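Written as C-alpha cells, this is what we have:
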C-alpha cells in the first residue's frame with residue numbers, strides 16, 4: 008500500500024510539473040560516460056568529451072526527434088520539415104542538416120557553426136548586420152559577442168564568445184554553458200544560463216516541453232518581446248535584453264535598430280515607423296490592427312489564432328502560452344524568428360518558408376508564410 | 008457552342024482592362040534587410056517600404072520607375088511588370104505599340120535630358136519633380152501656374168509651389184485590390200494612385216479605367232478611360248481634370264480670375280481660358296461635333312492623341328474602353344492636350360503646337376488641336 012501511495016504521489020507530482028521544464032531528465036547513462044571505456048572499447052569515438060558527456064554539443068544533439076528527452080537539432084538524414092516546419096520532426100529552432108557539411112552543405116540554409124559546417128563562402132565569419140558597438144550580451148556588463156571585433160576572427164560556435172548559447176566571456180562552449188543542463192529552470196528569469204530561455208543567457212520566455220515538436224496554436228514556445236512603438240525611440244541602448252529579438256541583435260544589430268540605420272519614417276518626430284526601411288522586429292501588430300495585420304494569421308487559420316509557423320511574441324508572460332493573439336496590446340509582437348529559424352531550414356536565409364515562392368496578387372497564399380501578417384498581399 | 012460563347016464573353020469582359028495591382032514574386036521588389044551574402048543589395052539602401060529598386064536614383068519611386076534603356080515597361084521574372092516614366096534613352100513618341108512606346112502619362116526623359124543645360128526653356132517638357140536627381144526647380148515658375156489661393160499655407164508648398172516628390176501627385180497603393188469592376192476607385196487605390204498624399208479624401212481621389220499596359224499599345228478601343236466632371240467649377244468630384252485643378256485651379260472649367268484675383272464672370276465662349284471638363288457640344292452646327300472626323304457627317308472614333316473624359320454616370324457602368332465618342336456627354340479635359348510626366352514638346356503638350364498647328368493646314372495627325380477644332384486645319 009505504501010508503495011502504491013508513493014507511486015501515486017510520484018505521478019501526481021509529475022502531472023503537476025509546469026510545462027517548460029527543460030532541465031535534463033532521464034537516465035544519466037544516456038548522456039554520460041565516466042571513463043569513455045566499456046568492455047575495453049571506447050564508448051564514443053573522438054572522446055572523451057567535456058563534462059563526461061558522450062559527445063560535444065553536436066554529438067549529443069544529433070538525431071531525429073520523435074519524442075524523448077533530448078532535442079535534436081542536427082539530423083543525419085533529410086529531416087521531415089513538413090509544411091512550414093510544424094508538422095514534421097523539425098523542432099522550434101530548426102535543423103542544421105541543410106547547412107551541415109555532412110548534409111545539405113548549403114551555407115545559406117543555416118548558421119555555419121564550426122562543428123558541423125564550413126565557413127560561409129558568401130559571408131565569411133562576420134554576421135551580416137553586425138554592430139560591434141551596440142547590443143552587449145545580455146547580463147554580462149558590456150561584454151560584446153566576439154569581444155566586439157569589427158571583423159570576427161573565428162567562426163560561429165554553439166556557445167560562448169562566438170556563439171549564441173550561454174555566456175559570451177569564454178570561448179569554450181562547455182564552460183559557457185556549464186551548469187545549465189541540470190539547473191532548476193522552474194522559473195525562467197534570465198538570471199543564469201540555466202534559467203534563461205533555451206540557455207540563451209538573459210532571454211526569457213516560456214519553453215514548450217517538447218521543443219515545439221509538431222506545435223499547435225495552444226502548444227508552443229511563448230516568446231518574450233517588446234513593443235518599441237510605445238516610445239518610438241530607435242536607440243539600441245534602450246533595447247530590452249530579455250527579448251528574443253535582442254539575442255539576434257547581439258550579432259545582427261543593424262537589422263534590429265540603430266540611430267540613423269532605420270530612420271525612414273515620414274514622421275519628423277520619430278526615427279522609426281512606416282515607411283520602414285528594414286523589416287520591423289519588436290513592434291506590436293496591435294498598433295496596426297485596423298490594417299491587414301489585424302487578420303493574422305491570414306489564410307492559415309482563423310483570425311487571431313496563434314500560428315506557430317509564424318510566431319509572435321508578447322511582453323506579458325503571466326498569461327502563459329497564448330492560443331489567441333491580437334486580443335490585447337503587446338500580444339502580437341513581430342520577431343526575427345517570425346520569419347527565420349535560427350539553426351537552419353530547407354530555405355535560403357534560414358527562412359521558415361521559400362520566399363521565392365511568395366507571389367503577390369496570385370490569389371493563392373501557397374507556401375508563403377509572409378501572408379500570415381501581410382494578409383492582403385496574395 | 009455554349010462553352011465557346013461563354014469563353015468569348017468572359018474574354019471580352021477582360022479585354023483592355025486588367026489589374027494594375029502589383030503581381031509576381033515579392034522578392035522582385037523587396038529586400039527585408041538590404042543584405043545578401045554580407046553585402047548590401049542596394050548600395051543606396053535601405054529604402055523605404057523595404058524596396059529594392061531597379062536603378063540607382065535616390066528616390067525610391069524614381070528608382071523603380073526608371074530605366075537606362077528606352078523600354079517603357081520592365082518585366083521581371085514571375086510576371087512583375089513595372090511602368091517606366093523616366094527613360095534614360097529616348098522612348099518612342101507617340102507610342103507605336105512597341106516596347107519603347109511612351110506610356111499614357113508621358114515620360115520625364117525630355118525634361119531630364121534638358122535639365123541643367125541652361126537657358127530659359129529647360130523645364131518646359133515636364134513637371135519638375137525635384138525627387139529626380141539632377142532635375143532643378145523650374146527656372147520660370149515659383150508656384151504652380153493657376154495655383155488656387157487656398158493653397159498658400161506653410162504646408163502647401165511641397166505640392167502647390169513645386170513638385171517635391173512623386174507623392175506630390177500620387178498616393179502609392181501598389182497592393183490595393185483593384186479586382187472586380189474594371190472601374191478603379193478608392194478600393195483599388197484610386198485611378199493610377201491619384202489622390203493627395205497630404206490631404207486625401209474620397210472626393211479628391213480620381214476614378215477611371217486603367218489600360219492594362221499603360222497605353223503602350225494604343226488604339227481607339229485600347230486605352231484608359233478618364234472620368235469627367237459633374238461640375239465645372241473645380242469642386243472635387245473624382246474627375247481627372249478637377250484633380251489637375253488642385254494645383255492649376257485657375258486654368259480650370261468656368262473659373263475666371265483676373266490678374267488682381269477678382270472673379271469676373273463665368274468663363275464662357277468667347278473663352279478666357281481653354282475649357283476643361285465641359286462636354287463637346289452636341290450641336291452639328293459646331294465643329295466639335297465632328298470630333299476626329301473633319302469634314303465628316305458625325306463624330307469619329309476615339310483618338311488617343313486627344314482623349315476625352317467620360318460622363319461620370321456613363322463611366323461608372325463601363326466594362327472597358329470604348330471607341331465611341333458622344334458629343335453632349337464626353338468632355339474635353341486637361342489630359343486632352345497635356346501629358347503630366349512629360350513630352351517632347353513645351354508645356355507638356357501631346358503634340359507640336361508650335362510647328363505643326365497651322366491654321367488652314369494639317370490634319371489631326373499633324374496637330375491634335377484639329378481633333379476637336381475640326382474646321383481649323385486644312
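Protein chains in written order, with our numbering: chain A, 8 to 385; chain B, 8 to 385.
A virtual CB, placed ideally from N, CA and C, is assigned to each residue, including glycine.
Please read these numbers as outputs of a predicted model, since none were measured by experiment.
Show which residues of chain B have a CB atom less than 8 Å away from the CB atom of residue i.
i, result
"residue 283 of chain A", "55, 56 and 57"
Would you mind reading off the limits of the beta strand (DSSP E) that contains residue i?
i, result
"residue 90 of chain B", "88–90"
"residue 230 of chain A", "229–231"
"residue 119 of chain B", "Residue 119 of chain B -> not in any beta strand (DSSP E); alpha helix (DSSP H) instead, spanning 116–121."
"residue 80 of chain B", "80–82"
"residue 100 of chain A", "Run containing residue 100 of chain A: none; DSSP gives neither H nor E here."
"residue 236 of chain A", "Looking at the DSSP string, residue 236 of chain A is not in any beta strand (DSSP E), and its letter there is neither H nor E."
"residue 171 of chain A", "170–172"
"residue 375 of chain A", "Neither: residue 375 of chain A is in no beta strand (DSSP E) and is coded neither H nor E."
"residue 165 of chain A", "164–166"
Around the C-beta of residue i, are 16 or more other C-beta atoms found within 10 angstroms, so that it is buried, or is it exposed?
i, result
"residue 75 of chain B", "exposed"
"residue 361 of chain B", "exposed"
"residue 323 of chain A", "exposed"
"residue 245 of chain A", "exposed"
"residue 278 of chain B", "exposed"
"residue 355 of chain B", "buried"
"residue 376 of chain A", "buried"
"residue 164 of chain B", "exposed"
"residue 40 of chain B", "buried"
"residue 223 of chain B", "buried"
"residue 107 of chain B", "buried"
"residue 148 of chain A", "exposed"
"residue 41 of chain A", "exposed"
"residue 191 of chain A", "exposed"
"residue 244 of chain B", "buried"
"residue 94 of chain B", "buried"
"residue 274 of chain A", "A caution first: residue 274 of chain A carries a pLDDT of 47, below 50, which makes its placement in the model unreliable, though a value can still be read off. By the neighbour-count rule (16 or more Cβ atoms within 10 Å), residue 274 of chain A is not buried but exposed."
Residues of chain B with CB under 7 Å from residue i, in chain order?
i, result
"residue 367 of chain A", "29, 30, 31, 33 and 182"
"residue 293 of chain A", "Ordered by position in chain B, no residue passes the 7 Å Cβ test against residue 293 of chain A, which lies about 21 Å from the chain."
"residue 384 of chain A", "182"
"residue 377 of chain A", "33"
Mind checking which residues open and close the alpha helix (DSSP H) that includes residue i?
i, result
"residue 69 of chain B", "67–71"
"residue 254 of chain B", "247–255"
"residue 256 of chain A", "251–259"
"residue 166 of chain B", "164–167"
"residue 66 of chain A", "64–67"
"residue 321 of chain B", "319–323"
"residue 236 of chain B", "No alpha helix (DSSP H) contains residue 236 of chain B, which DSSP labels as neither H nor E."
"residue 445 of chain A", "The question about residue 445 of chain A has no answer, for chain A in this structure spans 8 to 385."
"residue 377 of chain B", "376–379"
Below 8 Å, is the gap between the Cβ of residue i and the nearest heavy atom of the ligand GTP?
i, result
"residue 183 of chain B", "The model depicted lacks the ligand GTP and carries no ligand whatsoever."
By the criterion of Cβ-Cβ separation under 9 Å, what are the contact partners of residue i in chain B?
i, result
"residue 117 of chain A", "Under the 9 Å cutoff, chain B gives no residues; its nearest Cβ is about 15 Å from residue 117 of chain A."
"residue 290 of chain A", "The contacting residues do not exist; residue 290 of chain A stays about 14 Å from chain B at best."
Taking the DSSP output, what are the residues bridged to residue i?
i, result
"residue 150 of chain B", "DSSP, once it has assigned bridges, lists no residue as partnering residue 150 of chain B."
"residue 356 of chain B", "B:345"
"residue 185 of chain A", "The partner list for residue 185 of chain A (beta bridge, DSSP) is empty, contrary to what the question assumes."
"residue 58 of chain B", "B:37"
"residue 99 of chain B", "B:108"
"residue 177 of chain B", "B:201"
"residue 216 of chain A", "Answer is none; residue 216 of chain A lacks a bridge partner."
"residue 81 of chain A", "A:69"
Starting from the beta carbon of residue i, find every residue of chain A whose beta carbon is closer than 8 Å, and list them in chain order.
i, result
"residue 85 of chain B", "366"
"residue 41 of chain B", "284 and 285"
Listing by chain order, which chain C residues have their CB less than 9 Å from the CB of residue i?
i, result
"residue 45 of chain B", "Among the protein chains in the structure shown, which are A and B, there is no chain C."
Any chance the region 92–106 of chain A sits against the region 219–231 of chain A, with 3 or more Cβ pairs inside 8 Å?
Segments in contact, yes.
Is the region 174–183 of chain B touching the region 199–210 of chain B, taking contact as three or more C-beta pairs under 8 Å?
Because the criterion of three Cβ pairs below 8 Å is met, the region 174–183 of chain B and the region 199–210 of chain B touch.
contact_flag[the region 336–347 of chain A, the region 293–302 of chain A] where n(CB pairs < 8 Å) is 3 or more
Counting C-beta pairs closer than 8 Å gives three or more between the region 336–347 of chain A and the region 293–302 of chain A, which meets the contact rule.
Counting Cβ pairs closer than 8 Å, one from the region 221–235 of chain B and one from the region 317–329 of chain B, do we hit at least three?
Enough Cβ pairs lie closer than 8 Å, so yes.
Does the structure place the region 63–72 of chain B close enough to the region 181–194 of chain B that three or more beta carbon pairs sit under 8 Å?
A contact between stretches requires three or more CB pairs, one per stretch, nearer than 8 Å, and the region 181–194 of chain B fails this requirement with the region 63–72 of chain B.
Counting pairs of Cβ atoms below 8 Å between the region 282–296 of chain A and the region 361–379 of chain A, do you hit three or more?
Counting Cβ pairs under 8 Å, fewer than three are found: no touch.
Stretch pair the region 50–62 of chain A + the region 71–83 of chain A: three plus CB contacts closer than 8 Å:
Taking 8 Å as the limit for Cβ pairs, the verdict is that the region 71–83 of chain A does not touch the region 50–62 of chain A.
Contact between the region 132–139 of chain A and the region 188–202 of chain A: three or more CB pairs below 8 Å?
With fewer than three CB-CB distances shorter than 8 Å, the region 132–139 of chain A does not count as touching the region 188–202 of chain A.
Counting pairs of Cβ atoms below 8 Å between the region 132–151 of chain B and the region 104–122 of chain B, do you hit three or more?
In short, these stretches touch, since the Cβ pair count reaches three.
Give a yes or no on contact between the region 307–321 of chain B and the region 83–93 of chain B, applying the rule of three or more CB pairs nearer than 8 Å.
With a cut-off of 8 Å, the region 83–93 of chain B and the region 307–321 of chain B do not count as touching, because too few Cβ pairs lie within range.
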